[in-house]
Amino acid sequence: MRSINELLGDLRATAPPQAAELSAAQVERLRTLTRELLELKPQSLAEYRRFEGVRTRCIDLPKQEIAAHVEGATILVTGGTGCIGRVLLGQLLPHRPARLVSLSRGRTALPRIDGVEFVYGDVRYRSSLDEVFAEIRPDIVFHVAAQRNPGLAEVEVLRTVATNVFGTRNVLQAAARCGAGTVVTASTGKALRPYSPDVYAASKRIGEWILARTAATGELRLAASRFTHVVDNSIIGERLRSWCAKDEPIRLHSAEIGFYIQSALESAQLLLCGLLDAQPGNLRLNALRDLDWPASLLEVALGAVAHTGSAAPVYIAGYDSGYEEQAFPGLYDPMTAGDVSPLINVFEAIGAKAAASEQVDMFIPDVLSDDEPAQRALAELESVCVPALTGEPDPCVVRQKLDELSWALLDATVVEIPSQSRARAVRLAERSVATLPEQHPHHRLLGTLRP
Numbered sequence: 001m002r003s004i005n006e007l008l009g010d011l012r013a014t015a016p017p018q019a020a021e022l023s024a025a026q027v028e029r030l031r032t033l034t035r036e037l038l039e040l041k042p043q044s045l046a047e048y049r050r051f052e053g054v055r056t057r058c059i060d061l062p063k064q065e066i067a068a069h070v071e072g073a074t075i076l077v078t079g080g081t082g083c084i085g086r087v088l089l090g091q092l093l094p095h096r097p098a099r100l101v102s103l104s105r106g107r108t109a110l111p112r113i114d115g116v117e118f119v120y121g122d123v124r125y126r127s128s129l130d131e132v133f134a135e136i137r138p139d140i141v142f143h144v145a146a147q148r149n150p151g152l153a154e155v156e157v158l159r160t161v162a163t164n165v166f167g168t169r170n171v172l173q174a175a176a177r178c179g180a181g182t183v184v185t186a187s188t189g190k191a192l193r194p195y196s197p198d199v200y201a202a203s204k205r206i207g208e209w210i211l212a213r214t215a216a217t218g219e220l221r222l223a224a225s226r227f228t229h230v231v232d233n234s235i236i237g238e239r240l241r242s243w244c245a246k247d248e249p250i251r252l253h254s255a256e257i258g259f260y261i262q263s264a265l266e267s268a269q270l271l272l273c274g275l276l277d278a279q280p281g282n283l284r285l286n287a288l289r290d291l292d293w294p295a296s297l298l299e300v301a302l303g304a305v306a307h308t309g310s311a312a313p314v315y316i317a318g319y320d321s322g323y324e325e326q327a328f329p330g331l332y333d334p335m336t337a338g339d340v341s342p343l344i345n346v347f348e349a350i351g352a353k354a355a356a357s358e359q360v361d362m363f364i365p366d367v368l369s370d371d372e373p374a375q376r377a378l379a380e381l382e383s384v385c386v387p388a389l390t391g392e393p394d395p396c397v398v399r400q401k402l403d404e405l406s407w408a409l410l411d412a413t414v415v416e417i418p419s420q421s422r423a424r425a426v427r428l429a430e431r432s433v434a435t436l437p438e439q440h441p442h443h444r445l446l447g448t449l450r451p
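In this text, residue positions in the sequence shown follow this note's numbering: the first is 1, and each later residue adds one.
Following this line, the structure appears as structure tokens:
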């Protein structure tokens, strides 16, 4: 019997990456190899069940403290008809808010939930958003609305930037104008990257910067929660179910990928933890401390095949746009990794603090002292995005301006990092970065980090 590595080599040799279509002969050969892999990886079914079983995982939170904040309050949830938004509404209702309102742009039919009002609105449009906030006058805002699909973000660049960057700013400004006290927003673990060439990750990183700048004014109590792969609305989970049902090739970016997972319930409760931690004057960013061992993408896929009895073959398709092959290697330090959430990078971990839950890590991001170039870049990005919401600008121009802002934000961020920490990150990363092509952005990132 051949080894796993030999079988994976045969998988890659059978069908080249990024193929638009596979021949019948290639598909049949991949099916044979997939069956052999299943025999060598009997643990795959257990890995798939672990992946699906995460849905029930939750956080212990002080219910009396939550009730003290929520009872009698008017609460607005943007994106309340989405997966996490619906769970959040369910978590808030038992604490008897005076008014609980969900705002969404109507992509899905509005559900009927006793005690919840549903209204239409789009965070990209400031004037209409202001009208909604002025009518509702929320005490607390949970901003969960976002464009969350990294692959789609590379295609819908304008919508992603308008939603994740300027939509976030619109929500903050509307909340401040109507006198809301607290805003808690949803972010992503991808924002731990000081720079990313991917549209989605860059947009969320910039969103966190806008939050930190706004928090420093003291107008609002602000918190944000970084989520990783949420199983309940998992893109790969949806695709696996579809591929297995149709016996179609399962397109994996790589056989070596491991990824952290969490539940929608944990995500909603993480936002509630942010509500408890929010204080005026600075942004509080939190993430789950223990995300368990990363799930193996290959084993989850093989487990889905075993679970369904499908004839779907595994195909190593290579990385799609929007999915960075690897984060900058200097963001994790083997001496401290495991002490805090893996969604908090080595520079952020320096300021990690206790959160309202023992299962949650929290840190206060730096308010950047020299971000004027980033502010100018943000204005340039806005000039090509906001007037164009009724039209469609060149996505290449939007992407270019987004990237210019991302680099300017990196420069401003690095200034705040102690030189000793920067030097160690460079030492940890330079050997790995040296193996990459010269045009890879990690080379520029490494150069920026050098003390």
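Backbone N, C-alpha and C fix where the C-beta goes; we use that ideal spot for every residue, glycine too.
Query	Result
Report back the beta-carbon spacing between ILE84 and ALA186 to the nearest angstrom; my notes put them in contact at under 8 angstroms.	7 angstroms
Give me the Cβ distance between LEU252 and PRO329, rounded to the nearest whole Å; I'm assuming they're in contact under 8 angstroms.	Actually they are not in contact, since the Cβ atoms of LEU252 and PRO329 sit about 22 angstroms apart, beyond 8 angstroms.
Taking C-alpha atoms, which residue in SER383, PHE347, SER406 and GLN359 lies nearest to ASP371?	SER406
Kindly indicate which residue of LEU172, ARG2, GLY258 and ALA145 has the alpha-carbon position closest to the one of ALA268.	ALA145
Would ALA337 be called buried (16 or more neighbouring beta carbons within 10 Å of its own) or exposed?	exposed
Report the residue from PRO418, THR435, VAL54 and VAL183 whose alpha carbon sits nearest the alpha carbon of LEU211.	VAL183
Which of helix, strand or coil does DSSP assign to ALA73?	coil
Helix, strand or coil for GLN279? Go by DSSP, reduced to three states.	strand
Would you give the residue range spanned by the beta strand (DSSP E) that LYS353 belongs to?	352 to 354
Among ALA349, GLU325, ASP320 and GLY322, which one has its Cα closest to the Cα of TYR332?	ALA349
Helix, strand or coil: how does DSSP classify ASN286 here?	strand
Alpha carbons only, please: which of SER104, HIS443 and VAL314 is nearest the one belonging to GLU248?	VAL314
Identify every residue that forms a DSSP beta bridge with TYR315.	ARG251
Starting from the C-beta of ARG422, find all residues in its chain whose C-beta is less than 8 angstroms away, skip the five residues before and the five after it, and write them out in chain order.	VAL414, LEU449, ARG450 and PRO451
Mind pulling the alpha helix (DSSP H) runs of 4 or more residues that sit fully within the region 24 to 87?	24 to 40, 44 to 53 and 63 to 70
Locate the beta strand (DSSP E) running through GLU118, then write down its first and last residues.	It should be noted that the sequence gives Phe, not Glu, for residue 118. 117 to 120 is the span of the beta strand (DSSP E), which, as asked, contains PHE118.
Could you check the C-alpha separation between TYR323 and TYR125 for me, to the nearest Å?	28 angstroms
What number of angstroms, rounded off, separates the C-alpha of GLU39 from the C-alpha of VAL300?	14 angstroms
Can you tell me where the beta strand (DSSP E) with ALA425 in it begins and where it stops?	Counting along the chain, ALA425 falls outside any beta strand (DSSP E), though it belongs to the alpha helix (DSSP H) covering 419 to 433.
Mark ALA304 as exposed unless 16 or more other C-beta atoms lie within 10 angstroms of its C-beta, in which case mark it buried.	buried
How big is the Cα-Cα spacing for PRO395 and LEU381?	12 angstroms
Tell me whether ALA180 sits in a helix, a strand or coil according to DSSP, three-state version.	coil
Tell me whether ARG452 sits in a helix, a strand or coil according to DSSP, three-state version.	Residue 452 falls outside the range modelled here, since the chain spans only 1 to 451, and no answer is possible.
Along the chain, where does the alpha helix (DSSP H) that runs through HIS442 open and close?	441 to 449
Alpha helix (DSSP H) containing LEU100: first to last residue?	From DSSP, LEU100 is part of no alpha helix (DSSP H) but of the beta strand (DSSP E) over 99 to 104.
So, THR74 versus ILE136, is the Cβ gap smaller than 8 angstroms?	yes
When you compare only the Cα positions, how much space is there between GLU256 and ILE316?	10 angstroms
Look up GLN262 in the DSSP assignment and say whether it is helix, strand or coil.	strand
From GLU117, ASN233, ARG241 and GLY79, pick the residue whose C-alpha is nearest to that of THR163; which is it?	GLY79
Report the residue ranges of all beta strand (DSSP E) runs contained in full by the region 126 to 174; include only those spanning at least 3 residues, in chain order.	140 to 143
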